[in-house]
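Enquirer:
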Amino acid sequence: MPAPAELNIRPMTQVDILAVVTIITEFSVDDGRLAQDYYEQYFRSGGHGDEQNHVATIGEVVVGVTGLYPDKYDWPGILWLNWFYVSSSYRRRGIGGSLLDFTIKTAESLGCRKLYLDTSSDSDYAAAVAKYEKSGFVREGELRDYYAKGDHYLIYGLSLSADG
Ligand SMILES: CC(C)(COP(=O)(O)OP(=O)(O)OC[C@H]1O[C@@H](n2cnc3c(N)ncnc32)[C@H](O)[C@@H]1OP(=O)(O)O)[C@@H](O)C(=O)NCCC(=O)NCCS
Numbered sequence: 000m001p002a003p004a005e006l007n008i009r010p011m012t013q014v015d016i017l018a019v020v021t022i023i024t025e026f027s028v029d030d031g032r033l034a035q036d037y038y039e040q041y042f043r044s045g046g047h048g049d050e051q052n053h054v055a056t057i058g059e060v061v062v063g064v065t066g067l068y069p070d071k072y073d074w075p076g077i078l079w080l081n082w083f084y085v086s087s088s089y090r091r092r093g094i095g096g097s098l099l100d101f102t103i104k105t106a107e108s109l110g111c112r113k114l115y116l117d118t119s120s121d122s123d124y125a126a127a128v129a130k131y132e133k134s135g136f137v138r139e140g141e142l143r144d145y146y147a148k149g150d151h152y153l154i155y156g157l158s159l160s161a162d163g
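Numbering (numbering that gives the first Met the number 0), first residue to last: 0 to 163.
Here it is in structure tokens:
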């Protein structure tokens, strides 16, 4: 489904933390807590390398979030997808797809050779996994029983250049 015409994607600001954390908390209270700590630290430090976060808005309402962060050892050409969420009442309208397309293009513009993401095999993440696979991400790794027995840590990768 095409995203609503009035959808806008812009850099996240400190003022957006509450709205973004509310969206994430709606999905998981634990994730909401982790996200709050992460964004507070991100805005305190000004981010690192190519680390960045964007929100999707409709009018004044923040309806989704996406982001990128570098490899923890700053390995060149590698970026990871950061928190990627759409507010539950705005899902299935193409907003997640627009955010993911935007993030992939941003990664390309930053010279990223390979974009990675991590997720879970739990059925709660089925929509996200379907979206990732539709966008060309390929499952490259699996840490079995990482989150709990039967709940595996999944790594997906997307090559963005011919030598990816
Ligand atoms: C993943 C997410 C961001 C997608 O946002 P969205 O705005 O609904 O995305 P879109 O409208 O572009 O696409 C939704 C897609 O999910 C698919 N989908 C929805 N529920 C699904 C399910 N239970 N199983 C499989 N696919 C599903 C739809 O078919 C649609 O695919 P399409 O591209 O063929 O239309 C959103 O579902 C979300 O916030 N999920 C919870 C948070 C999350 O899992 N984040 C990722 C953490 S790793």
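Each residue gets a CB set at the ideal place from its N, CA and C atoms; glycine is no exception.
Near serine 120, which residues of its chain fall below 7 Å by C-beta distance, leaving aside the five closest residues on each side in sequence?
Expert: Sequence index remark: in the sequence shown, residue 120 carries index 121 (1-based). The answer, listed in chain order, is Asp150, His151 and Leu153.
Enquirer: Just the Cα atoms here: how many angstroms apart are arginine 9 and threonine 105?
Expert: Start at 1 with the first residue of the sequence shown, and residue 9 comes out as number 10. Start at 1 with the first residue of the sequence shown, and residue 105 comes out as number 106. Roughly 12 Å between the two C-alpha positions.
Enquirer: Consider the C-beta atom of threonine 118 and the heavy atoms of ligand 1; say whether any pair is separated by less than 6 Å.
Expert: Counting from one through the sequence shown, the residue named residue 118 turns up at place 119. Yes - ligand 1 has a heavy atom lying nearer than 6 Å to the Cβ of threonine 118.
Enquirer: Take the Cβ of leucine 142 as the centre, count every other Cβ of all protein chains shown within 10 Å, and call the residue buried at 16 or more, exposed below.
Expert: Against the sequence shown, residue 142 aligns to sequence position 143. Exposed is the call here.
Enquirer: If glycine 96 and lysine 71 are in contact, beta carbons under 8 Å, what's the gap, nearest whole angstrom?
Expert: Here the question's residue 96 lines up with position 97 in the sequence shown. Here the question's residue 71 lines up with position 72 in the sequence shown. Not really, about 28 Å apart at Cβ, beyond 8 Å.
Enquirer: Let me check you understand the geometry: is the CB of tyrosine 84 closer than 6 Å to at least one non-hydrogen atom of ligand 1?
Expert: To locate residue 84, count along the sequence shown from 1; it is residue 85. The answer is yes for tyrosine 84.
Enquirer: By Cβ distance below 6 Å, which residues in the same chain neighbour glutamate 139 in space, the five residues on each side in sequence not counted?
Expert: Reading the sequence shown from its first residue, position 140 is the one you call residue 139. These residues qualify, in order along the chain: Ile154 and Gly156.
Enquirer: What did DSSP end up calling leucine 159 once you bin it into helix, strand or coil?
Expert: Within the sequence shown, residue 159 is the residue found at index 160, counting from 1. In the structure shown, leucine 159 sits in coil (DSSP, three-state: anything other than H, G, I, E or B).
Enquirer: Per DSSP, aspartate 144 forms a beta bridge with which residues?
Expert: Position 145 of the sequence shown holds residue 144. According to DSSP, which records beta bridges pairwise, aspartate 144 is partnered with nothing at all.
Enquirer: With DSSP as the reference, please indicate the residues paired to tyrosine 68 in a beta bridge.
Expert: Along the sequence shown, one-based indexing puts residue 68 at 69. According to DSSP, which records beta bridges pairwise, tyrosine 68 is partnered with Trp79.
Enquirer: Would you please state the rounded distance, in angstroms, between the beta carbons of alanine 2 and glycine 93? I believe it to be under 8 Å.
Expert: Here the question's residue 2 lines up with position 3 in the sequence shown. Here the question's residue 93 lines up with position 94 in the sequence shown. About 4 Å; that satisfies the 8 Å criterion.
Enquirer: Going by DSSP, what residue range makes up the alpha helix (DSSP H) through glutamine 13?
Expert: Here residue 13 corresponds to residue number 14 of the sequence shown, with the count starting at 1. Unbroken run through glutamine 13: none, as it is neither H nor E.
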